[in-house]
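Colleague: Take this structure, written in structure tokens, and hold onto it; I'll ask about it next.
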Amino acid sequence: MAKILVTGGAGFIGFHLTKALLARGDEVVSIDNLNDYYDPQLKLDRLKALGLQTPSPLMGEGWGEGENSTLNTKNLTFQKLDLADRQGIETLFKQNQFDIVVNLGAQAGVRYSIENPHAYVDSNLVGFVNILEGCRHSKVKHLVYASSSSVYGMNIKQPFSTEDRVDYPISLYAATKKSNELMAHTYSHLYGIPTTGLRFFTVYGLFGRPDMAYFSFTKKILAGETIDVFNNGEMQRDFTYIGDIVEGITRVMQNAPSPLMGEGRGEGELSNTKKITNAAAPYKIYNIGNNQPVTLRRFITAIETATGQKAKENLLPMQPGDVPITYADVDELIADTGFKPATSIEEGIGKFVEWYKGYYN
Ligand SMILES: NC(=O)c1ccc[n+]([C@@H]2O[C@H](COP(=O)([O-])OP(=O)(O)OC[C@H]3O[C@@H](n4cnc5c(N)ncnc54)[C@H](O)[C@@H]3O)[C@@H](O)[C@H]2O)c1
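Residue 3 is where the sequence shown starts when you use the working numbering, and the numbers rise one by one after that.
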């Protein structure tokens, strides 16, 4: 049994991870600022699904401005706390000795970074430094944090490998995620903190995010409304089912990197990183994706099949910041953890639509 801090614990991935950690007997401290980037009721419902009695913000009970409320159930403590609250995060680390920290709290979304860039700086940069500092001053054995496939930008080579250069982000969101990897490397090198960055590829599933296409398409298709289809449905995404993501995270959590591991692909083999730096950082980056890109067209068909309804489409050009394809090379994940995500889009969307219908009645 380990004591684990999960940030963004009321978020989509944080909720599912917390559930899995509790099921295997770990003690979890979960924090989230419960912001309204998307419907906060869904975040509260995720907490309820973990057995917590949440106050209703709609009724004005508890959790007012500046209030850091704490909720408890067996082996789980939830605290409403902002990653950018330097004092609050310092206190959290002083009051708890965490074995592992999983940083999933962030301002997510590519398109929103055009509208509200400062939210990304506050949560993803300031917030991440606060977490790194917390890990530095306590004896955390492993920091696992969310990066993103968006760091690959418009990478020409496919599939995307962690050995590819990722110096050309095309959204501020991607730039903050790449910055997280750079900051983590520095802390791994200077303070010997083992850190692992996970580049997630379009994660979907039950209790998912309303700002993502699978969610809004399902909602609109069921309501008989028209969906906006960018780039004529020709974009491809390496959709990854939430169950596979959680399995990947939990396996990686047990596998803290050592300075000697580097980023190579096998014993005796010099990785690109080791060829260009003498830094001895216990640092690692993995892709977690399905290794099987799906066209937007096939994805829409999967939703049509699961809902039993035909989509009405409004064809539009590509959006700024969007990339035509994401495609994960997961060889290193398989080599180090023995795991490869494999849920098909049809199976995963089927489960999502079933949940969606039940949740929204
Ligand atoms: N879902 C995906 O497809 C995907 C893909 C790539 C990377 N990621 C990354 O994975 C992580 C989890 O994503 P998700 O899909 O669960 O998103 P999510 O938005 O559902 O979860 C993030 C949670 O973090 C919380 N949060 C945001 N800013 C915060 C702050 N300053 N302080 C405290 N809490 C804060 C939010 O309230 C939210 O509940 C994020 O870092 C995201 O960037 C997700």
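Built from N, CA and C at the ideal position, the CB exists for glycine as well.
Helix, strand or coil: which one does DSSP assign to K221?
Modeller: One-based indexing of the sequence shown puts residue 221 at position 219. In this structure, K221 counts as helix in the three-state DSSP scheme.
Colleague: If you draw a straight line from the C-alpha of G268 to the C-alpha of P57, how long is it?
Modeller: Here residue 268 refers to the residue found at position 266 when the sequence shown is read from its first residue. Here residue 57 refers to the residue found at position 55 when the sequence shown is read from its first residue. Confidence is the limiting factor: at G268 the pLDDT is only 44, short of 50, which leaves the residue's position unreliable, though a coordinate-based value still follows. Approximately 51 Å between the Cα atoms of the pair.
Colleague: Below 7 Å, is the gap between the Cβ of N35 and the nearest heavy atom of ligand 1?
Modeller: Along the sequence shown, read from residue 1 onward, the residue named residue 35 stands at position 33. Yes - ligand 1 has a heavy atom lying nearer than 7 Å to the Cβ of N35.
Colleague: Taking only beta-carbon positions, decide if L46 is within less than 8 Å of chain D.
Modeller: Although the question refers to chain D, the structure presented lacks it and comprises just one protein chain.
Colleague: Note the first and the last residue of the continuous alpha helix (DSSP H) segment covering R48.
Modeller: The residue given as residue 48 occupies position 46 in the sequence shown. Its alpha helix (DSSP H) spans residues P42 to A51.
Colleague: Below 7 Å CB to CB, which residues in the same chain sit around K159 once its five sequence neighbours on both sides are set aside?
Modeller: By one-based count along the sequence shown, residue 159 stands at place 157. Answer for K159: D166, listed in chain order.
Colleague: For ligand 1, any of its heavy atoms closer than 7 Å to the Cβ of L106?
Modeller: Position 104 of the sequence shown, counted from the start, is the residue given in the question as residue 106. Within the cutoff, so yes.
Colleague: Report yes or no: do three or more beta-carbon pairs, one from the stretch 36–50 and one from the stretch 90–108, lie closer than 8 Å?
Modeller: No, the stretch 36–50 is not in contact with the stretch 90–108.
Colleague: Comparing the CB of Q109 with every heavy atom of ligand 1, is any distance shorter than 7 Å?
Modeller: One-based indexing of the sequence shown puts residue 109 at position 107. Within the cutoff, so yes.
Colleague: Is F219 near ligand 1, with its Cβ less than 7 Å from a heavy atom?
Modeller: Counted from its first residue, the sequence shown places residue 219 at position 217. Not under cutoff, so the answer is no.
Colleague: To which residues does DSSP link H144 through a beta bridge?
Modeller: Your numbering for residue 144 matches position 142 in the sequence shown. According to DSSP, which records beta bridges pairwise, H144 is partnered with I102.
Colleague: Cβ of G155 versus every heavy atom of ligand 1: is any distance shorter than 7 Å?
Modeller: What you label residue 155 is simply residue 153 of the sequence shown in a count that begins at 1. Checking every heavy atom of ligand 1 against the Cβ of G155, none is found closer than 7 Å.
Colleague: Can you tell which of G340, F241, G210 and K76 has its C-alpha closest to the C-alpha of F354?
Modeller: For this step, residue 354 is matched to residue 352 along the sequence shown. The shortest C-alpha separation from F354 is found at G210.
Colleague: If you check the beta carbons only, do L200 and A148 fall under 8 Å apart?
Modeller: The residue given as residue 200 occupies position 198 in the sequence shown. The residue given as residue 148 occupies position 146 in the sequence shown. Contact flag set, yes.
Colleague: Answer yes or no: do V31 and A86 have a C-beta to C-beta separation smaller than 8 Å?
Modeller: Taking the sequence shown and counting its residues from 1, one reaches residue 31 at position 29. Taking the sequence shown and counting its residues from 1, one reaches residue 86 at position 84. Result no, Cβ atoms of V31 and A86 do not sit closer than 8 Å.
Colleague: Give every residue of the same chain whose Cβ lies closer than 7 Å to the Cβ of G194, excluding the five residues on either side of it in the sequence, and list them in chain order.
Modeller: Here the question's residue 194 lines up with position 192 in the sequence shown. So the list reads P284, once near-sequence residues are dropped.
Colleague: To which residues of the same chain is P261 closer than 7 Å at the C-beta, ignoring the five residues directly before and after it?
Modeller: Within the sequence shown, numbered from 1, the residue matching residue 261 stands at position 259. So the list reads A282, A283 and P284, once near-sequence residues are dropped.
Colleague: Nearest by alpha-carbon distance to H144: which of A258, A313 and L317 is it?
Modeller: Within the sequence shown, numbered from 1, the residue matching residue 144 stands at position 142. Looking at the Cα atoms, A258 is the closest of the given residues.
Colleague: If we count the other Cβ atoms within 10 Å of its Cβ and call it buried at 16 or more, is I336 buried or exposed?
Modeller: The count along the sequence shown starts at 1 and reaches residue 336 at position 334. Its Cβ having fewer than 16 others within 10 Å, I336 is exposed.
Colleague: Is S125 near ligand 1, with its Cβ less than 7 Å from a heavy atom?
Modeller: Start at 1 with the first residue of the sequence shown, and residue 125 comes out as number 123. Result yes, Cβ under 7 Å from ligand 1.
Colleague: Using a threshold of 7 Å, is the CB atom of R211 nearer than that to any non-hydrogen atom of ligand 1?
Modeller: One-based indexing of the sequence shown puts residue 211 at position 209. True, at least one ligand heavy atom lies under 7 Å from that Cβ.
Colleague: Answer with buried or exposed for N363, where buried requires no fewer than 16 other C-beta atoms within 10 angstroms of its C-beta.
Modeller: On the sequence shown, residue 363 is found 361 positions in, with the first residue counted as 1. It is exposed - the Cβ of N363 has fewer than 16 other Cβ atoms within 10 Å.
Colleague: Is V2 near ligand 1 - that is, is its Cβ less than 7 Å away from at least one heavy atom of it?
Modeller: No information on residue 2 is available, as it lies outside the stretch 3 to 363 that the chain covers here.
Colleague: I want to check one thing, is the minimum distance from the CB of G352 to the heavy atoms of ligand 1 below 7 Å?
Modeller: To locate residue 352, count along the sequence shown from 1; it is residue 350. No, since every heavy atom of ligand 1 falls outside the 7 Å radius drawn around the Cβ of G352.
Colleague: Which residues does DSSP pair with E29 in a beta bridge?
Modeller: As a working note, residue 29 is residue 27 in the sequence shown. E29 is bridged to K5.
Colleague: Per DSSP, what kind of secondary structure is L200 in: helix, strand or coil?
Modeller: Along the sequence shown, read from residue 1 onward, the residue named residue 200 stands at position 198. Here L200 sits in strand by DSSP.
Colleague: Hey, G107 and S125 are a contact pair by Cβ (cut 8 Å); roughly how many whole angstroms apart?
Modeller: Working through the sequence shown from its first residue, we reach residue 107 at position 105. Working through the sequence shown from its first residue, we reach residue 125 at position 123. Yes, they are in contact, since the Cβ atoms of G107 and S125 sit about 7 Å apart, within 8 Å.
Colleague: Taking a contact to mean a Cβ-Cβ separation below 8 Å, would you say G11 touches F80 in this structure?
Modeller: On the sequence shown, residue 11 is found 9 positions in, with the first residue counted as 1. On the sequence shown, residue 80 is found 78 positions in, with the first residue counted as 1. Contact: yes.
Colleague: Comparing the CB of A148 with every heavy atom of ligand 1, is any distance shorter than 7 Å?
Modeller: The count along the sequence shown starts at 1 and reaches residue 148 at position 146. Because some heavy atom of ligand 1 lies under 7 Å away, the Cβ of A148 counts as near it: yes.
Colleague: What's the gap between the Cα of I133 and the Cα of I33?
Modeller: Your numbering for residue 133 matches position 131 in the sequence shown. Your numbering for residue 33 matches position 31 in the sequence shown. The straight-line gap from Cα to Cα measures roughly 12 Å.
Colleague: Taking a contact to mean a Cβ-Cβ separation below 8 Å, would you say L295 touches I244 in this structure?
Modeller: Residue mapping note: residue 295 aligns to position 293 of the sequence shown, counting from 1. Residue mapping note: residue 244 aligns to position 242 of the sequence shown, counting from 1. Residue identity check: residue 295 is Pro in the sequence provided, not Leu. It is not a contact, given that the beta carbons lie outside the stated cut-off.
Colleague: For S115, list the residues DSSP reports as bridge partners.
Modeller: Taking the sequence shown and counting its residues from 1, the one referred to as residue 115 is at position 113. For S115, which the question treats as bridged, DSSP gives no partner whatsoever.
Colleague: If I follow the unbroken beta strand (DSSP E) through F80, where does it start and stop?
Modeller: The sequence position of residue 80 within the sequence shown is 78, counting from 1. Unbroken beta strand (DSSP E) run through F80: L78 to K82.
Colleague: Under a Cβ-count criterion, where at least 16 other Cβ atoms within 10 Å of its own Cβ denotes burial, should L73 be classed as buried or exposed?
Modeller: Position 71 of the sequence shown holds residue 73. So L73 ends up on the buried side.
Colleague: Could you tell me if the beta carbon of A394 falls within a distance shorter than 7 Å of some heavy atom in ligand 1?
Modeller: Because the chain spans 3 through 363 in this model, residue 394 falls outside it and cannot be assessed.
Colleague: CB I102 to CB A186, shorter than 8 Å?
Modeller: Translated into the one-based positions of the sequence shown, residue 102 becomes position 100. Translated into the one-based positions of the sequence shown, residue 186 becomes position 184. In this structure, A186 does not lie closer than 8 Å to I102 by Cβ.
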